[in-house]
Amino acid sequence: MIIKSQKDNSRNIVVDALVLGIYEDVKSVREDLQILDEKIGNAIQSLIRDEEFKGKNSELTVIHTLGKIPAKKIILVGLGKTKDFNDDTVRKVAATAIRAANKSKCKTVAFDLLNGITNLEIKKSSQCICEGSLLGLYSFNKYKTNNENKQAYVNEIYILTNEDNNKIEEGILVGEALAKGTILARDLVNEPANHLTPTEMANIANKVAKDNGFEIEILEREDLDRLGMGCFVAVTQGTEQPPKLVVLKYNGGKKDDEVLALVGKGLTFDSGGISIKPSAGMEEMKGDMAGAAAVLGAMHTIGKLKPKINVIAVLGLCENMPSGRAIKPGDVVTSMAGKTVEIINTDAEGRLVLADCMGYAKKLGATKIVDLATLTGACLVALGTTTTALITNNEEWMGQLVKAANEANEMVWQLPSYPEYGELIKSSIADLKNTGGRYAGTITAGLFIGEFAGETPWVHMDIAGTAWSAKEAGYSAKGGTGVAVRTLYYLARNLEN
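Below you can see the structure in the form of structure tokens.
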């Protein structure tokens, strides 16, 4: 795929499809496009005048130019109302347009949007055109045997500009890195569990490390035993697949700088264990490693864009399966931190894995922590599929993460962490129990993990509702969304010295 800026204008560019944007509250063709419109018989102005094209967000019309200009087709996309326009609109518009171009088997596409966007800087606009295009073209078709279903026709994308501008190329560089990190996370979530085992995911993490010059450490079952990770090991007892704890280290800052730890839940398949899940929908539990996938995708992006900060990624990779060796409700296990945990429900396993991963992150010197997990069904009930739930032990650190999420245009919502909620996860026979019952399930699950953060500033992100999309929408494809990759990158970038 070639994506680059092109010093040219829409009247002269030779491409299969030319993308133009029209605002909903603008009732005439942009001044710089009037000559082009005259060449095609004022088709654009006629569509606007007759209200056949209203400019609503991501509305789309294709105009065949019939040889009147070098571009074979014009893809007219709505930008929505001027007051509502932002960088995420650009991503969605680019994705909508590129899908239409690909469906029409166009190979070359040019975006003439920069002159028409008034409230975004050129670098950001170019970045979002690049992101939206790459994410819009995404589909997970690895296991389809019909080549017609596998082919992406678009292979060249140009962002038109009237003058040489390095900011456009800088924006493309950032957009490509963010999109490819997101696509890596999507691919991992979409992979079947018989192909993406903990061992295979560790192999992929190793490749990301080598490609980006990261240090990497892969701990095996015997290492987990030696470190006293009784919570993590307990979850893995029922499966034939060996667990892996993967650590990637990016040393972009100075030796004594703060260390950001990104901790990801990586259940490559979660049957629920002895507390087995219903069969309906269980196939989606191949995606219970979306937290680890987001962390790995973010590390790919960090490796390409190189913010000046030290980052460690900790991925807890395993399966949760029933067998004669599996943990049982009523068992008591001991975490790396020394706290004992009563197992109430074996399907509340992700927090057990994260408890020991958090302990290891602290052992490695983490000064700030973010953990990510598809943790609770209760999160879907509370916030649906659009918003990620947050819990913290430090309001200042929470503010920094929310700022990063806002920059990334990823919706988040902080849930309360009053001490009364903590009472719900106290056990009568151990220090903690792994579920606090049906009430406030997302909060108590998050607070359980927070017990292992101690005084280290920590934010928990429950992405159970946002990691998966049931349909194609905006720049999301059906399946894994790659949520939080952008947020984690912006968080790291904002922390750089």
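For the sequence shown, the numbering used here assigns the number 22 to the initial residue and increments by one for each residue that follows. Beta carbons are placed, not taken as given, at the ideal position from N, Cα and C, and that holds for glycine.
Euclidean distance between Cα positions of residue i and residue j
i      : j      : result
GLU476 : VAL433 : 23 Å
LEU41  : VAL98  : 6 Å
LYS276 : SER125 : 53 Å
ARG346 : GLY259 : 5 Å
ALA313 : LEU288 : 8 Å
ASP108 : LYS145 : 7 Å
PRO263 : VAL254 : 10 Å
VAL35  : LEU385 : 54 Å
SER292 : GLN435 : 29 Å
LYS25  : LEU81  : 24 Å
LYS60  : LEU39  : 14 Å
MET342 : ALA491 : 25 Å
GLN27  : ILE43  : 21 Å
GLU190 : GLY324 : 18 Å
ALA122 : TYR496 : 14 Å
ILE484 : ALA206 : 13 Å
ASN427 : ASN414 : 20 Å
ILE204 : TYR159 : 7 Å
LEU393 : SER31  : 44 Å
LEU68  : VAL111 : 22 Å
ASP46  : ILE150 : 22 Å
THR395 : GLY285 : 9 Å
ASN233 : PRO328 : 13 Å
LYS163 : THR129 : 24 Å
SER184 : ASN430 : The sequence shown places Glu at residue 184, rather than the Ser named in the question. Approximately 29 Å between the Cα atoms of the pair.
ALA466 : GLY443 : 10 Å
PRO92  : ASN211 : According to the sequence displayed, residue 92 carries Ala and not Pro. Their Cα atoms are separated by approximately 36 Å.
Exposed unless 16 or more other CB atoms sit within 10 angstroms - verdict on residue i
i      : result
MET379 : buried
VAL256 : buried
ILE56  : exposed
MET320 : buried
PRO219 : buried
LEU87  : exposed
ALA301 : exposed
GLU417 : exposed
THR166 : exposed
LYS389 : buried
SER344 : exposed
ILE231 : A quick correction: the sequence has Lys, not Ile, at residue 231. By the 10 Å Cβ count, LYS231 comes out exposed.
ALA116 : buried
PRO440 : exposed
THR407 : exposed
GLY148 : It should be pointed out that residue 148 corresponds to Gln in this sequence rather than to Gly. That one is buried.
VAL402 : exposed
ALA131 : buried
Expected contact under 8 Å - CB spacing of residue i and residue j to nearest Å
i      : j      : result
LYS94  : ASP37  : 7 Å
ALA494 : VAL504 : Not quite, the Cβ-Cβ distance comes to about 13 Å (not below 8 Å), so this is no contact.
LYS201 : PHE235 : Not confirmed; about 16 Å, so no contact.
LEU445 : ALA461 : 7 Å
GLU152 : LEU199 : 6 Å
ILE450 : VAL353 : 7 Å
THR456 : ILE365 : 5 Å
LYS79  : GLY251 : The sequence shown places Ser at residue 79, rather than the Lys named in the question. With a Cβ gap of about 50 Å, SER79 and GLY251 do not count as contacting.
PHE161 : ALA214 : That pair is no contact at about 14 Å.
Identity of the residues DSSP links to residue i by a beta bridge
i      : result
LYS94  : ALA38, HIS85
GLY285 : LEU336, LEU393
GLU472 : Paired residues: none, contrary to the question.
LYS201 : In the DSSP output, where bridge partners are listed per residue, LYS201 has none listed.
TRP479 : ILE390
LYS265 : LEU338
TYR271 : VAL332
GLU444 : The partner list for GLU444 (beta bridge, DSSP) is empty, contrary to what the question assumes.
ILE24  : ILE178
LYS454 : GLU363
When the options are compared against residue i, the one with the closest alpha-carbon
i      : options                        : result
GLU370 : LEU338, ALA116, TRP479         : LEU338
VAL391 : LYS28, PRO440, PHE473          : PHE473
GLN336 : LYS349, LEU317, THR367         : Checking the sequence shown, residue 336 turns out to be Leu, not Gln. It is LEU317 whose Cα lies nearest to the Cα of LEU336.
LYS104 : TYR159, GLU72, LYS75, ASN140   : ASN140
VAL195 : THR129, LEU326, PHE132, ILE84  : LEU326
LYS454 : LEU373, LEU422, GLN435         : LEU373
ALA498 : LEU156, SER31, TYR44, ASP46    : LEU156
GLY62  : GLY398, THR182, ILE84, PHE132  : ILE84
GLY398 : ALA451, THR463, ILE348         : THR463
GLU267 : VAL423, ASP278, TYR442, LEU283 : Looking at the sequence itself, residue 267 is Val, so the reference to Glu does not match. Checking every option, the nearest Cα to that of VAL267 belongs to LEU283.
MET22  : ASP185, GLU197, ASP452, LYS383 : GLU197
LEU516 : THR395, VAL332, TYR439         : VAL332
ILE295 : GLU340, ALA466, LYS188, ASN224 : GLU340
ALA226 : LYS265, GLU243, LYS188         : LYS265
ALA118 : LYS89, GLY101, SER154, GLN421  : SER154
Cβ of residue i within 8 Å of any chain B Cβ
i      : result
ASN162 : Among the protein chains of the structure shown there is no chain B, as only one such chain exists.
Check: residue i C-beta below 7 Å from any heavy atom of the ligand GTP
i     : result
GLY99 : Ligands are entirely absent from the displayed structure, and the ligand GTP is therefore not among its contents.
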